[in-house]
Structures are given as C-alpha cells and as structure tokens.
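Report on the structure given below.
4 protein chains.
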Amino acid sequence: MSTPSTILLTDLLSLSPLELQAKLNGIYEHSPWVAESAFPDETVVQSLKSLQDVFRVMKKAVGGASLDRKITLLKEHPDLCKRAAVDMEGLTASSREEQAKAKLGQLTEEEYSFFTKTNDEYRSKFGFPFILAVRNATKQTVLQAIKARVKNTYEREFAASLAQVHKIAWMRLIAMIDLPESNRGFLTCHVLDTAGGCPAANMRIELYRLNDGRPTFIQSYVTNEDGRLCGGPALKGNDFQVGTYQWIFYVGDYFSSTNVDTSGCPFLNEVPIQFGIDDPEAHYHVPLLVSPYGYSTYRGS
Amino acid sequence: MSTPSTILLTDLLSLSPLELQAKLNGIYEHSPWVAESAFPDETVVQSLKSLQDVFRVMKKAVGGASLDRKITLLKEHPDLCKRAAVDMEGLTASSREEQAKAKLGQLTEEEYSFFTKTNDEYRSKFGFPFILAVRNATKQTVLQAIKARVKNTYEREFAASLAQVHKIAWMRLIAMIDLPESNRGFLTCHVLDTAGGCPAANMRIELYRLNDGRPTFIQSYVTNEDGRLCGGPALKGNDFQVGTYQWIFYVGDYFSSTNVDTSGCPFLNEVPIQFGIDDPEAHYHVPLLVSPYGYSTYRGS
Amino acid sequence: MSTPSTILLTDLLSLSPLELQAKLNGIYEHSPWVAESAFPDETVVQSLKSLQDVFRVMKKAVGGASLDRKITLLKEHPDLCKRAAVDMEGLTASSREEQAKAKLGQLTEEEYSFFTKTNDEYRSKFGFPFILAVRNATKQTVLQAIKARVKNTYEREFAASLAQVHKIAWMRLIAMIDLPESNRGFLTCHVLDTAGGCPAANMRIELYRLNDGRPTFIQSYVTNEDGRLCGGPALKGNDFQVGTYQWIFYVGDYFSSTNVDTSGCPFLNEVPIQFGIDDPEAHYHVPLLVSPYGYSTYRGS
Amino acid sequence: MSTPSTILLTDLLSLSPLELQAKLNGIYEHSPWVAESAFPDETVVQSLKSLQDVFRVMKKAVGGASLDRKITLLKEHPDLCKRAAVDMEGLTASSREEQAKAKLGQLTEEEYSFFTKTNDEYRSKFGFPFILAVRNATKQTVLQAIKARVKNTYEREFAASLAQVHKIAWMRLIAMIDLPESNRGFLTCHVLDTAGGCPAANMRIELYRLNDGRPTFIQSYVTNEDGRLCGGPALKGNDFQVGTYQWIFYVGDYFSSTNVDTSGCPFLNEVPIQFGIDDPEAHYHVPLLVSPYGYSTYRGS
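Chains as they are written, first to last, in full-length UniProt numbering: chain A, 1 to 301; chain B, 1 to 301; chain C, 1 to 301; chain D, 1 to 301.
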C-alpha cells in the first residue's frame with residue numbers, strides 16, 4: 001500500500017498548521033481550501049490523535065462550507081467517462097491510478113455507449129460530474145451505480161456525491177499515512193452454535209488475504225471453549241492492513257463431532273466469509289452464528 | 001458420479017421383489033437381510049415412487065429389526081483404522097473407494113498413533129467399530145469425530161452409529177441409481193435487503209460447482225424485482241446433481257446503486273455461500289438476507 | 001381509522017383533476033400547490049390505479065419543485081415545540097390530532113426545557129422547524145430524534161425533513177382514503193427450522209392486533225408441512241388494516257415434539273414478533289427462522 | 001421458588017456422603033440408587049463446587065448404570081395420563097405439583113380420549129411410561145409431544161425419555177438448593193445495528209419478568225457507545241433467578257434518530273425478546289442484531 005509520499009502519522013501530527021495544510025492539500029480533489037480551513041491553527045493540530053481525527057476535521061470543514069463551495073468541490077472532480085483510452089490528461093495522478101484499477105478501459109462498445117449517454121444525462125440533470133470512489137470497483141460497479149443514481153432527486157444525489165468525495169478523501173489519506181503499531185486496530189472472531197446454544201469449541205478456522213480475488217493463506221486457528229480464537233486477535237499491529245480477507249470455517253467437521261446428524265454431503269461444510277477492512281485503526285469483529293442448516297455473520301464490536 | 005452398476009430408477013422399480021433384493025443387497029454393509037425384509041413382496045415394490053421411498057423402506061427395515069441384529073449390522077462395518085497402507089483386504093469395494101477419498105493414508109505418525117489408541121478405546125467401550133460416512137471427509141474430520149464420539153454414552157453413540165450407517169447407505173443408493181429428469185429436484189435463490197425492507201433487485205449472482213474445492217463456473221444471473229432469479233431455477237433436470245456448490249452475490253455493487261454509504265473497501269462486497277446438495281430429488285432454496293454490514297443464509301423451502 | 005372525510009379510492013380516482021386537487025390539497029401542510037402540480041390533467045388522473053400511485057405522483061411533484069419551494073414547504077409545518085398546553089391555535093386539525101397522540105403534553109419540566117432549547121438551536125441552524133411524523137411517536141421518540149438530528153449537516157437534515165413531510169402526507173392519505181377489497185394487501189408467514197434444515201411443521205401461531213400496546217386476539221394458526229399457515233394469508237381483504245400486530249410462535253412446543261433436548265425452562269418458548277403494517281396495499285411476509293437457541297425475522301416478499 | 005426443604009449450596013456441599021445421598025435421594029424419581037452411586041465417598045463430595053457439578057455427577061451415575069437399571073428408572077415415573085381428576089395417589093409430592101401446573105385437568109373430552117389412546121399405544125410400543133418435564137408445559141405441549149414421540153424408534157425414544165428424566169432432576173435440584181451470590185450467573189445484552197455496521201448507541205431497553213405470561217417491570221436501560229448496557233449486567237447476584245424474561249428494545253426510536261427513513265407505522269418499533277433462564281449459575285448473553293426491517297437474537301456468550 002505504501003507510495004513514495006508516505007508519512008508516518010506521528011510525523012504528520014508534529015507538523016505546523018501550514019505544513020499540514022501543504023501535506024494534505026490534495027486529499028480533496030483540486031480543493032486545497034479544505035485542508036486550509038480544517039487546520040487553521042496549533043490548537044486544532046494538537047488535538048489530533050488518529051487518522052480518524054484528521055479525517056473527521058477535514059470532513060467537518062467540508063460540511064461547514066457554503067453550498068456554492070460544495071458544488072464547486074463536486075465539479076472539480078474528473079469525469080469518470082473520459083476514460084484512459086480517450087483522455088486522461090485532465091486527471092490528477094491519484095485519480096488516474098484509481099481509474100486504472102476500475103478497468104473502465106475494458107468496457108464493450110455497447111457499455112461505453114450506455115455509459116456516455118447516461119453520463120451526459122447525469123451531468124445535465126445535476127450540473128456536476130458523476131463521482132464514484134473506484135479503487136475497488138469493476139466496470140459493473142460503475143455501470144450499475146450510474147444507472148441507479150441518475151434517477152435520484154437532486155438532494156439525494158448531492159448527498160450521495162459528497163459521500164463519494166469523502167470516501168475518495170479517506171482512501172487517499174490511508175494510502176498516504178503510515179500508522180504506528182500502537183494506532184493499529186485488530187481482527188477478532190467468535191463462533192456460536194445456535195442449535196446447541198453454546199460457543200462452538202474446537203472449530204478449525206483459516207484466514208486468507210484476497211488480492212484481486214486470489215487468496216493468500218495467512219494462518220489457521222482453533223476455537224477455544226468460549227468459541228473464540230486461541231491466542232487472541234487473528235490480526236493486529238502491522239499485520240492488520242486495509243484490504244479484503246476471507247475466513248474459512250470448518251463447520252461440517254464441527255457438527256460431525258457434536259452428534260448432529262448431517263448428511264453425507266452436508267448442507268454446510270466449509271463456510272467462507274469475505275469481508276473488507278477499510279479502517280486501519282478500528283477493531284473488526286467478524287463472528288459466525290451457525291446451526292447445521294443456516295448461518296449469519298455481521299460486523300460486531 | 002456414475003459407476004458400472006448404475007441403474008435407472010424406473011428400471012429399478014420395475015424389478016421383481018427378488019431382483020430388487022439382489023440389486024440392493026450391498027447397500028447396507030454385509031447385511032443383505034435389510035433389502036430382504038424391506039422388499040418382501042410386490043405390494044411394497046409397487047408403492048415405491050422415488051429414491052427417498054426406496055431409502056425410507058430400507059431404513060424402516062433396519063429400525064424394526066431386533067437390537068441384536070442392529071448391533072451385528074454395526075459390527076459388520078470395517079474398522080476405519082485399518083487404513084489403506086496397512087490392510088484394505090477386508091473391505092468391500094465400495095468401502096475401499098470411500099476410505100481412499102478420506103485421505104486417511106496421509107495421517108502423520110502422531111495422528112495415526114492417536115487414532116489407533118482412540119480407536120481401541122472406542123472398540124472396548126462400545127463393542128462395535130467406529131463408523132463414519134467418509135465420502136466427503138478429510139483426516140481432520142475423522143480425527144475430530146472419533147475424539148468427540150468416544151466420550152458419548154452408549155445409547156447416544158449407538159444412535160449416532162446407526163445414523164452413520166444410514167448415511168453410508170444413502171450415498172451408495174444415490175451413486176448406484178440414475179434419476180429420470182422428472183424425479184430431479186431444483187435449486188432456487190432469493191435475495192432480500194433487510195436494511196431497505198425490500199427484495200434486492202438487479203443484483204448479480206454467479207453459481208459455481210466445487211470439485212475438491214476447485215470452482216467451475218456454471219452461470220451468472222441477475223435478480224428480478226422480487227429478488228429472485230430471472231429465468232426460474234438456477235439448476236434443474238439433469239443439471240441438478242448431488243455435490244458442493246457456491247453462489248457469489250455481488251452485494252457491494254448492489255448497495256452502491258441504492259444510495260447506501262458503504263466504505264471504499266466495503267465490509268461486504270462479494271459474498272460467497274457454499275452449500276451441499278445431498279438429495280437429488282429435493283428442492284433446495286438457498287437465499288440471502290443482506291444488509292450493508294451483515295447477512296444470513298439458510299436452507300429454505 | 002375512518003374519519004368524516006373518508007372517500008373510497010375508486011370514487012377518488014373518478015374525480016376530475018380540479019376536484020382531485022381540491023380533495024387532496026391538505027395532504028401536504030398548507031401547500032395546495034403540491035396537489036395542483038401533481039394532478040394537472042385527465043391523463044395523469046386516469047393513469048392512477050392505487051393509493052401508492054397517488055402518493056408517488058404527489059411525492060414526485062414535491063421532488064420536482066424548486067429549492068425555494070421545498071424550503072417553504074418545510075417552513076409551513078407547525079413547530080412541534082408549541083405543544084398543546086402552550087399554543088395549538090396555529091395548527092391544522094390534522095396536525096393537532098397527531099400531536100395529541102404523541103403525548104408531548106406529558107413532558108417533565110426538565111424535558112420541556114431541553115426540548116425548547118434544542119428546538120431553538122435547531123431552528124437557528126437550519127432555518128425551518130423540526131418536523132417529525134408523530135402519529136406513533138412517544139415523547140421519548142421526539143426527544144431522541146431532535147437530539148440526534150440537530151447534529152446533522154444541513155444537506156442531511158434537509159433530506160431527513162423532506163422524508164418526514166412525505167411520511168406525514170402518506171399517513172394523511174391512508175387515513176382519508178378507503179380501499180376496496182381488491183386493492184388490499186395481505187399478511188403471510190413461514191417458519192423454518194434452521195437446526196433441522198426443514199420447514200417447521202405443526203407449529204402453533206397466534207396473531208394479535210396491538211392498540212396502544214394492548215393486544216387483541218385475532219386468530220390462531222397451525223403450520224402445514226411446508227411451514228406455512230394452513231388456510232392461506234393470516235389477514236386479507238378488509239381484515240388487512242394499517243396498524244401494529246404481533247405473532248406468538250409456540251417454539252418451545254415445536255422443539256419438544258422434534259426430539260430436541262431443550263431445558264426445563266427453555267431458552268426459547270413463546271416467541272413474540274411485533275411488526276407494523278404501514279401500506280394497506282402491500283404484501284407483508286413476516287417469517288421466522290428458528291433454532292432452539294436463536295431466531296431471525298424480517299420483512300420478506 | 002423456595003420450598004420448605006430448601007438448602008444452601010454451601011451447606012449441601014459440607015454434608016457427609018451419606019447425608020448427601022439422603023438429601024438428594026428424591027431427585028431421580030423413586031431411585032435413591034442414583035444419589036448413592038453418585039456420591040460414594042468424601043473425595044467425590046469434596047470435588048463439587050457448583051450446582052452443575054452436583055448435577056453432572058448424578059447424571060453420570062445414571063449414564064454408567066446398566067441398561068436394565070435405566071429402563072427401571074424410566075418405569076418408576078408416574079403415568080402422565082393418570083391426571084389429577086382421575087388418580088394422583090401414586091405420584092410423589094414433587095410430581096403432583098409439576099402436573100398441576102401443566103393444567104392437564106383442562107383437557108377436553110376429545111383431547112383426553114386422544115391422550116389416553118396415544119398413551120396406551122406409547123406404553124405398548126416402548127414398555128415404559130411417557131415422560132415429559134412438565135413444569136412449564138401446557139396441555140398443548142403435552143399433546144403435541146406425545147403425538148410426535150410415539151412415532152420414534154425405540155432407540156431414539158429411549159434417549160429422549162432419559163433426557164426428560166434428567167431435565168426433571170435438574171428442575172428438582174434448582175428448586176431445592178439455594179445459591180450464594182458468588183455462585184450466581186448474570187444477564188448481559190448487546191445491540192448491533194447491522195445496517196449501519198456499528199453498535200446501536202443510546203437505545204432504550206426495558207426488562208420484564210414474566211409470571212404465567214404476565215410481565216413485571218424490572219428496569220430500563222440505555223445502551224452506551226458500544227451498544228452495551230450502561231451499568232453492567234442487567235441482572236446479577238440474587239436478582240438473577242431462573243424464570244422467563246422479556247426485553248423490549250425501542251428500535252423505532254433508535255432508527256428515527258439515525259436518519260433512517262422508516263415509515264409512519266414503522267415495520268419494527270418495539271421489539272420484544274422473550275427468553276428463559278434455566279441455569280442460575282450461568283452467564284446469559286441475549287443480544288439483538290437489528291436493521292430497520294429485520295433482526296436476530298440468540299444465546300450468546
């Protein structure tokens with residue numbers, strides 16, 4: 001994830017207000033005023049303790065700006081439709097990289113024609129470009145999103161677009177700033193057997209990291225008597241990185257050993273749970289509630 | 001799945017009682033009496049319409065036998081512990097194939113020693129061999145199961161063992177008998193958005209068949225306004241086969257198009273659901289209930 | 001539910017555009033322009049088939065209005081804080097009735113003081129009054145809502161307020177218009193046993209209607225082999241009315257009869273599910289997924 | 001719950017083996033041998049620390065007995081069908097009290113006739129009386145259970161009957177023995193918003209105790225930033241008693257304050273969760289996972 005301009009959070013937070021403004025003036029597209037109004041003086045800078053603090057203050061600066069300024073902010077964003085093959089000159093370096101990953105260049109002619117037409121309709125309805133945080137998006141994501149969002153009311157789409165702008169800002173922040181171990185979040189798990197009404201003990205679990213859908217094995221675990229991982233968090237410190245992960249729960253073996261009468265090819269055997277970690281400072285609790293014929297998962301706490 | 005001795009269900013059901021007994025005398029290990037007492041006369045044979053009917057009648061014949069006969073049935077099963085490398089002569093052909101797939105030969109010395117010791121303990125406690133329907137089991141499955149089941153009371157383990165015997169019988173039946181299209185079940189899906197309180201329309205879904213964990217793409221679908229698959233069942237007729245399958249639900253794209261404010265690397269993006277189809281005559285309904293930060297699945301109807 | 005001015009939907013839809021505008025000019029508070037611009041001519045009126053159609057067209061008229069007009073619409077709403085005891089003269093008859101049910105008159109002095117202060121803060125931040133659809137709200141609802149919403153950004157609160165305005169309009173519509181049987185929705189149920197992987201057959205269920213929290217028994221049901229109610233929908237035709245309802249599922253008895261080893265005072269015995277029916281034309285499917293130690297419900301389809 | 005013969009756990013555990021056998025000789029119906037073989041000497045008695053320990057040792061004594069002795073134990077139980085009005089002389093005092101609560105005396109003639117017939121069928125099939133732990137059972141519970149269980153195989157019903165016998169023993173134990181505060185379990189809660197992906201903060205919750213279905217208010221709570229109860233466990237120490245309880249979660253108010261666009265009569269408003277506490281020494285965690293249109297609960301840990 002690290003890029004040339006990476007800076008350690010502790011170094012960032014020891015900058016002067018002017019230096020901080022300069023460092024973060026590209027977080028919001030072509031809008032250095034956001035960093036300027038977010039970090040006006042020492043008092044604000046000294047109150048910052050985390051990446052989330054930095055983000056919150058910048059987000060609030062946008063929230064407090066005039067309607068005109070917000071509209072201008074939206075308008076400063078590149079037109080997603082002017083894709084790589086056609087014209088990428090107008091994009092900032094960060095935007096270019098983000099669009100490349102969206103594989104928009106792989107649109108078929110029909111898709112491209114639909115996209116162009118809908119994009120024009122969007123622009124003339126709302127007066128600002130279609131904005132989508134595309135780092136993890138495929139062309140289907142983009143097409144499905146514009147198709148739906150062009151039908152929004154002005155108010156709803158204005159809010160949706162600002163949300164995308166903040167999302168892009170957040171992705172730029174986490175790509176630019178390195179966290180010390182002490183600021184990093186961690187990943188935990190818990191398995192409950194809702195047929196037995198007890199923690200699922202002695203269940204094997206594996207964790208994989210997914211890169212472009214390809215799994216890399218990280219570690220295997222066994223649940224303890226409370227259905228939690230022996231040995232504490234599955235990921236913590238520098239191992240806890242933004243990205244996409246997958247648990248595999250060996251549910252079939254578990255129920256075989258608890259006298260549950262499953263079938264030869266059991267309905268549930270290996271249960272995969274894919275989830276994204278987007279906030280490197282947060283605690284992610286991703287549990288499994290399972291019975292022989294059904295399960296639930298959710299972001300816990 | 002088909003083996004040399006495969007027979008079409010309709011052909012099977014047109015056999016005389018004696019022919020049927022002969023055909024199915026190996027379904028219960030070394031116990032031709034089960035088929036004999038299950039299919040005594042024309043009346044019973046003519047009442048059979050499905051594979052489940054055949055199985056139910058055989059299962060009932062076991063259920064109605066004396067306690068001694070049931071114990072003998074358990075004792076007729078091979079000792080799982082006498083694995084391939086050691087001694088496979090005593091096994092029937094079907095048992096040998098099933099054990100090979102369990103990869104019991106890959107036990108480490110430590111595992112083998114644990115297995116041998118526990119197996120001896122099991123035999124002396126219960127008086128019959130440890131039985132596990134192993135067609136889809138790995139060595140972990142076997143070790144975890146014997147470790148837990150050796151602690152059962154006699155009554156509980158007796159019931160668990162009979163359940164395994166029926167499971168093995170069922171697997172042999174479905175491997176031996178081909179179903180006509182009209183008897184085959186089908187696979188359906190449904191996606192509900194529990195944050196929006198509505199069917200999840202226009203969600204992309206893919207279906208894969210898993211062979212030894214490797215996915216083979218079958219088809220992609222899009223949900224209609226009621227959250228169901230356009231075009232009816234995902235699998236039906238001869239495409240509906242016993243085995244392990246996986247849906248991929250494109251949940252991230254769906255929420256992006258419904259104004260839900262997900263993160264750049266969303267908590268839920270591609271949601272995989274793995275499930276086994278064990279009964280080729282049944283309807284399998286495998287739905288998804290999803291909100292941006294959690295989901296459930298279950299075997300529906 | 002019926003009030004003096006009730007009109008049958010079929011009669012409403014046979015009115016001329018001018019008559020329809022006159023009939024519905026009070027649906028949006030002090031804003032007859034909504035009905036006027038929603039129903040400009042015969043073509044629009046003839047396209048209407050349902051209460052939802054009527055509502056959709058009015059909602060769209062609001063959506064298409066200028067920002068100024070929307071703000072004026074918000075400003076036309078009475079100030080919730082000027083409660084009964086203080087000053088109700090400025091309210092329309094409909095608003096007065098709605099506020100009375102909210103029991104705002106029962107605020108303690110401390111609560112009233114908090115409400116007044118927050119209400120002032122709200123008005124000066126947003127420039128329009130705090131709007132909350134209060135027909136089913138208690139004073140806690142109102143206090144909790146204003147406390148949270150005063151912190152919103154302008155854009156978010158503007159959208160939230162418009163949503164409340166539409167909600168009030170909807171409640172006025174359903175109170176004013178009687179539906180013929182053929183337009184009425186219906187209520188269905190389904191119970192799945194996620195421990196057994198099958199429909200929960202022979203489960204007793206009761207349905208109650210709640211009025212101010214007090215239950216009135218409607219009917220009892222037993223599930224069939226597919227886990228659905230014998231006899232079709234639980235409510236349909238004129239029995240299907242907007243309001244709050246409660247199922248009672250006799251889950252403990254069900255599991256007792258399926259050899260599940262529950263405890264003497266089982267974790268789950270009678271399972272109540274309370275739900276609101278807000279759309280008299282819709283299908284409400286309110287199912288139960290249950291295992292001995294956990295359950296889920298949701299609005300299905 | 002306390003009865004004349006109540007004894008404090010610490011007093012019970014300081015008895016000699018013979019005294020303990022005498023004290024607990026009625027726990028298993030007409031079978032003092034269970035207590036005798038469970039507590040043979042000082043070593044066993046001194047190893048006991050909890051009510052669960054006492055129960056486990058007695059249960060194990062039953063498990064280790066011969067098949068004949070187990071069958072005799074089943075046969076020692078009274079015939080449920082010889083109800084109060086007809087003949088209660090043969091019952092022990094404890095059994096009489098339990099049957100009275102089942103309201104078996106309120107069977108209609110038709111139900112009684114069905115019960116008698118099925119009971120005879122049961123007895124002649126299995127050779128022991130139909131046993132059901134009836135403290136919390138209604139006549140429907142009894143009728144539904146016997147109707148289903150009479151169809152079991154002998155092995156299955158034998159296991160089911162022993163499970164009922166242990167359940168009765170457990171209920172007698174907890175009715176007879178008082179726990180010191182230090183041995184008592186506690187009740188906790190947690191609310192997660194699966195639409196928002198965060199703990200549900202500031203949600204009001206109420207707890208009621210149900211006696212014969214009538215709720216007695218215990219306390220109200222508000223969730224903290226982590227979605228848990230401010231102030232620790234909802235019940236602990238002597239307030240933590242075996243029985244039936246109900247949470248009310250004010251879900252509608254919560255979503256109203258988080259900008260979720262619910263309807264005027266929201267699908268989910270007050271969410272009741274009823275649950276039984278059967279083990280006075282255990283931790284009961286009864287959480288809610290909720291989105292605007294669906295929720296789950298389960299016994300957590």
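Using N, Cα and C, we set each Cβ at its ideal position, and we do this for glycine too.
Start and end residues, beta strand (DSSP E) containing residue i
i, result
"aspartate 68 of chain B", "Here aspartate 68 of chain B belongs to no beta strand (DSSP E); instead the alpha helix (DSSP H) covers 67–75."
"aspartate 193 of chain C", "191–193"
Within chain C, the residues that residue i reaches when beta carbons sit closer than 7 angstroms
i, result
"threonine 194 of chain B", "Tyr298"
"arginine 156 of chain A", "Ala159"
Within-8 angstroms CB hit, residue i to chain A
i, result
"serine 161 of chain D", "no"
"serine 301 of chain C", "no"
"aspartate 212 of chain B", "no"
"lysine 59 of chain B", "no"
Proximal chain D residues relative to residue i, where beta-carbon distance stays under 7 angstroms
i, result
"serine 291 of chain B", "Thr194, Ala195 and Ser291"
"glycine 63 of chain B", "Thr153"
"aspartate 253 of chain C", "Gln140, Thr141 and Gln144"
Beta carbon proximity, residue i to chain D, threshold 8 angstroms
i, result
"proline 40 of chain C", "no"
"phenylalanine 267 of chain B", "yes"
"glycine 243 of chain C", "yes"
"tryptophan 170 of chain C", "yes"
8 angstroms CB neighbourhood of residue i in its chain, flanking five on each side removed
i, result
"aspartate 53 of chain A", "Ser47"
"residue 306 of chain A", "One cannot answer for residue 306 of chain A here, as it falls past the ends of chain A, which runs 1 to 301."
Inter-residue Cα distance where the pair is residue i and residue j
i, j, result
"leucine 143 of chain D", "alanine 195 of chain C", "23 angstroms"
"isoleucine 27 of chain C", "histidine 190 of chain B", "37 angstroms"
"alanine 100 of chain C", "threonine 138 of chain C", "Note on alanine 100 of chain C: pLDDT 49, under 50, position unreliable in the model; no value is reported."
"serine 113 of chain B", "cysteine 81 of chain B", "10 angstroms"
"tryptophan 33 of chain C", "alanine 22 of chain C", "10 angstroms"
"glutamate 155 of chain B", "isoleucine 71 of chain B", "12 angstroms"
"asparagine 152 of chain A", "alanine 160 of chain B", "58 angstroms"
"phenylalanine 126 of chain A", "glutamate 157 of chain A", "8 angstroms"
8 angstroms Cβ cutoff, residue i in contact with chain B
i, result
"aspartate 226 of chain C", "yes"
"serine 182 of chain A", "no"
Contacts around residue i, its chain only, beta-carbon distance under 7 angstroms, and the 5 residues preceding and following it disregarded
i, result
"valine 76 of chain A", "First, the amino acid is wrong: residue 76 of chain A is glutamate here, not valine. Contacts found: Glu29, His30 and Ser31."
"asparagine 269 of chain C", "Val251 and Gly252"
"arginine 123 of chain D", "Pro129"
Contact set for residue i: own chain, Cβ-Cβ below 6 angstroms, skip 5 residues either direction
i, result
"lysine 167 of chain B", "Ala133"
"glutamate 206 of chain C", "Ser220 and Ile248"
"phenylalanine 128 of chain C", "Leu74 and Lys75"
"leucine 24 of chain C", "Ala35"
"asparagine 224 of chain D", "Cys230"
Under 7 angstroms from the C-beta of residue i: neighbouring residues of chain A
i, result
"proline 32 of chain D", "Near proline 32 of chain D there are no residues of chain A at all, since even the closest Cβ is about 31 angstroms away, more than 7 angstroms."
Partner residues on chain C for residue i, Cβ-Cβ distance less than 8 angstroms
i, result
"glycine 127 of chain A", "Under the 8 angstroms cutoff, chain C gives no residues; its nearest Cβ is about 13 angstroms from glycine 127 of chain A."
"proline 199 of chain B", "Ser301"
Short CB-CB distance (under 8 angstroms) between residue i and chain C
i, result
"threonine 153 of chain A", "yes"
"arginine 204 of chain D", "yes"
Beta-carbon neighbours of residue i, restricted to chain A and to distances below 8 angstroms
i, result
"tyrosine 295 of chain B", "Ser296, Thr297 and Tyr298"
Range of the contiguous alpha helix (DSSP H) that encloses residue i
i, result
"leucine 288 of chain A", "Premise fails: leucine 288 of chain A lies in the beta strand (DSSP E), 288–291, not in any alpha helix (DSSP H)."
"phenylalanine 114 of chain C", "109–126"
"residue 304 of chain C", "It is not possible to answer for residue 304 of chain C, since the shown part of chain C is limited to 1 through 301."
"phenylalanine 158 of chain A", "154–176"
Chain-ordered neighbours of residue i on chain D, where CB pairs are closer than 8 angstroms
i, result
"isoleucine 277 of chain C", "Cys265"
Near the ligand GDP: residue i beta-carbon under 7 angstroms from a heavy atom
i, result
"lysine 125 of chain C", "The ligand GDP is absent from the structure shown, which contains no ligands of any kind."
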